[in-house]
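**Student:** For what it's worth, the numbering used here labels the leading residue of the sequence shown as 5, then goes sequentially. C-beta atoms are modelled at their ideal positions from N, C-alpha and C, and glycine is treated no differently. Every value quoted in this text rests on a predicted model; they were computed, and no experiment measured them.
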Amino acid sequence: SLLLAVGFRASTGFVDRLDQQREQQLVGNYIERQAQASIAQLKVQLTWDDAFRAMGRGAPDSACTDAYLGEFLWTNFGYEQLYVVDPGGRALRSWERGRPASDAGYAWVQAQVQRELLRMGQNGTVFGAVAGSRQLADTAWPLDARGRPLTRWGYSLVRIGDRPAVLSVVSILPDDSYGLLTRTPNHLVAVRMIDAAYLQGLSADLMLPGVSLAKGGAQDGQRNSLPLIRGDGRTAGWLEWHTVLRSEMVRDRIRRLFLA
Numbered sequence: 005s006l007l008l009a010v011g012f013r014a015s016t017g018f019v020d021r022l023d024q025q026r027e028q029q030l031v032g033n034y035i036e037r038q039a040q041a042s043i044a045q046l047k048v049q050l051t052w053d054d055a056f057r058a059m060g061r062g063a064p065d066s067a068c069t070d071a072y073l074g075e076f077l078w079t080n081f082g083y084e085q086l087y088v089v090d091p092g093g094r095a096l097r098s099w100e101r102g103r104p105a106s107d108a109g110y111a112w113v114q115a116q117v118q119r120e121l122l123r124m125g126q127n128g129t130v131f132g133a134v135a136g137s138r139q140l141a142d143t144a145w146p147l148d149a150r151g152r153p154l155t156r157w158g159y160s161l162v163r164i165g166d167r168p169a170v171l172s173v174v175s176i177l178p179d180d181s182y183g184l185l186t187r188t189p190n191h192l193v194a195v196r197m198i199d200a201a202y203l204q205g206l207s208a209d210l211m212l213p214g215v216s217l218a219k220g221g222a223q224d225g226q227r228n229s230l231p232l233i234r235g236d237g238r239t240a241g242w243l244e245w246h247t248v249l250r251s252e253m254v255r256d257r258i259r260r261l262f263l264a
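(1) Which residues in the same chain as T143 place their Cβ atom closer than 8 angstroms to its Cβ, once the five residues preceding and following it in sequence are excluded?
(2) What is the DSSP secondary structure of W245, reduced to helix, strand or coil?
(3) Would you tell me roughly how many angstroms separate the C-alpha atoms of A44 and T247, rounded to the nearest one?
(4) DSSP on S207, reduced to helix/strand/coil?
(5) Check the DSSP bridge columns for R131 and list the partner residues they point to.
(6) Classify S181 as helix, strand or coil using the three-state DSSP reduction.
(7) By how many angstroms is the C-alpha of D179 removed from the C-alpha of V48?
(8) For F81, which residues in the same chain have their Cβ closer than 7 angstroms to its Cβ, ignoring the five residues on either side in sequence?
(9) How about the stretch 145-155 and the stretch 63-70: do they share at least three Cβ pairs that are nearer than 8 angstroms?
(10) According to DSSP, is V117 helix, strand or coil?
(11) In the DSSP assignment, the beta strand (DSSP E) including R138 goes from what residue to what residue?
(12) Mark P104 as exposed unless 16 or more other C-beta atoms lie within 10 angstroms of its C-beta, in which case mark it buried.
(13) Residues in its own chain within less than 7 angstroms of I176 by CB, not counting five upstream and five downstream?
(14) Can you tell me which of the three DSSP states Y72 falls into?
(15) Please check the pair L161 and V130, which I expect to be a contact at CB under 8 angstroms, by giving their CB distance rounded to whole angstroms.
(16) State the beta-bridge partners of W145 as determined by DSSP.
(17) Would you call V134 buried or exposed, if buried means 16 or more other Cβ atoms sit within 10 Å of its Cβ?
(18) Less than 8 angstroms between CB atoms is the rule here; does R57 satisfy it with respect to chain C?
(19) By DSSP, does S106 sit in helix, in strand, or in coil?
(20) Near G102, which residues of its chain fall below 7 angstroms by C-beta distance, leaving aside the five closest residues on each side in sequence?
(21) Just to confirm, is the Cβ distance from D236 to Q116 under 8 angstroms?
(22) In chain order, which alpha helix (DSSP H) runs of at least 4 residues are fully inside the stretch 27-97?
(23) Tell whether a beta-carbon distance below 8 angstroms holds between L232 and W245.
(24) Give every residue of the same chain whose Cβ lies closer than 7 angstroms to the Cβ of Y34, excluding the five residues on either side of it in the sequence, and list them in chain order.
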């Protein structure tokens, strides 16, 4: 009986660790999928000739961008902070909660934006299948099979004050007059906070109860956690939730059998 008990405990402990690792992978995958969905969402707003003329090169048209970017993307999609930046990562126009703002908040994310732009400049992440490239004044821009410029993009987890957030960077491109693109264009930087609404969606979609922000990590029979790793390798925060373990269901069933 003792050997059976020890063997049962060891085997269920192994299964528990596998369950916790699986939950962590699910949460990490969810965050990545949400980031990529944001990229696709922003790409639609940023790939057309009029948008490119208004904000794709040089100083952006404030009247157009205030309505089309700042207000629209906050009202419809909840991006708390938005920035049009030049190819080097310098902020040209900023919005917070849909309203024009100073560039002060950009200091929290500027270094990561510049890292993403450097990687994007090497065509590290491109939206669509690359079939060729066109040499611009300062870069070789990726093209699809029809010769259309493809969107360069990047994303990373960041920390703004004491709050973790998802940062997305998307190039601004023409959709018909490809000749407008003569050098690396401006980009839009969008910041979505990992807030209560974000966590509620994660919890519901993955059926993990009680997902919340935490100050540190803890794995035990009741809780599981995952660090949110920033682009520079540091931790932006932690997520924690009630873990769902198969072994606990087995133990509960055994207890009921003995009590029956």
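**Tutor:** In short:
(1) Residue 143 sits at position 139 when you count from the first residue of the sequence shown. Only G125, R187, T188 meet the Cβ criterion.
(2) Counting from one through the sequence shown, the residue named residue 245 turns up at place 241. W245: strand per DSSP, three-state reduction.
(3) In the sequence shown, the residue the question calls residue 44 occupies position 40. In the sequence shown, the residue the question calls residue 247 occupies position 243. If you take the alpha carbons of A44 and T247, they lie about 32 angstroms apart.
(4) On the sequence shown, position 203 is the one that residue 207 refers to. Here S207 carries a helix assignment [DSSP, helix/strand/coil].
(5) Stepping through the sequence shown from its first residue, residue 131 is reached at position 127. The displayed chain sequence assigns Phe, not Arg, to residue 131. Under the DSSP definition of a beta bridge, F131 partners with T155.
(6) Residue numbering aside, residue 181 sits at position 177 when the sequence shown is read from its first letter. Coil, per DSSP.
(7) For the purposes of this step, residue 48 is identified with residue 44 of the sequence shown, where counting begins at 1. For the purposes of this step, residue 179 is identified with residue 175 of the sequence shown, where counting begins at 1. Distance between the alpha carbons of V48 and D179 is about 10 angstroms.
(8) Start at 1 with the first residue of the sequence shown, and residue 81 comes out as number 77. Cβ neighbours of F81 beyond the five flanking positions: Q45.
(9) With a cut-off of 8 angstroms, the stretch 63-70 and the stretch 145-155 do not count as touching, because too few Cβ pairs lie within range.
(10) Position 113 of the sequence shown, counting from 1, holds the residue named residue 117. In this structure, V117 counts as helix in the three-state DSSP scheme.
(11) Taking the sequence shown and counting its residues from 1, one reaches residue 138 at position 134. For R138, the uninterrupted beta strand (DSSP E) run begins and ends at 136-139, by DSSP.
(12) Taking the first residue of the sequence shown as 1, we reach residue 104 at position 100. Burial call: exposed.
(13) Walking along the sequence shown from the start, residue 176 turns up at place 172. Cβ neighbours of I176 beyond the five flanking positions: L50, A55, F56, M59, G60, P189, N190, H191, L192.
(14) For the purposes of this step, residue 72 is taken as the residue at position 68 of the sequence shown. Of the three classes helix, strand and coil, the one that applies to Y72 here is helix, per DSSP.
(15) In the sequence shown, residue 161 corresponds to position 157, counting from 1. In the sequence shown, residue 130 corresponds to position 126, counting from 1. Not confirmed; about 21 angstroms, so no contact.
(16) Taking the sequence shown and counting its residues from 1, the one referred to as residue 145 is at position 141. W145 is bridged to R138.
(17) For the purposes of this step, residue 134 is identified with residue 130 of the sequence shown, where counting begins at 1. When all chains shown are included, V134 counts as exposed.
(18) No chain C is part of this structure, which consists of one protein chain only.
(19) Here residue 106 refers to the residue found at position 102 when the sequence shown is read from its first residue. Three-state DSSP puts S106 in coil, outside helix and strand.
(20) Along the sequence shown, read from residue 1 onward, the residue named residue 102 stands at position 98. The answer, listed in chain order, is G74, E75, W78, T79.
(21) Taking the sequence shown and counting its residues from 1, the one referred to as residue 236 is at position 232. Taking the sequence shown and counting its residues from 1, the one referred to as residue 116 is at position 112. In this structure, Q116 lies closer than 8 angstroms to D236 by Cβ.
(22) The alpha helix (DSSP H) runs lying completely inside the stretch 27-97 and spanning 4 residues or more are 53-59, 66-69, 76-81, given in chain order.
(23) The residue you call residue 232 lines up with position 228 of the sequence shown. The residue you call residue 245 lines up with position 241 of the sequence shown. No, they are not a contact pair.
(24) The residue given as residue 34 occupies position 30 in the sequence shown. Excluding residues within five positions, the ones whose Cβ falls inside 7 angstroms are L206, D209, L210.
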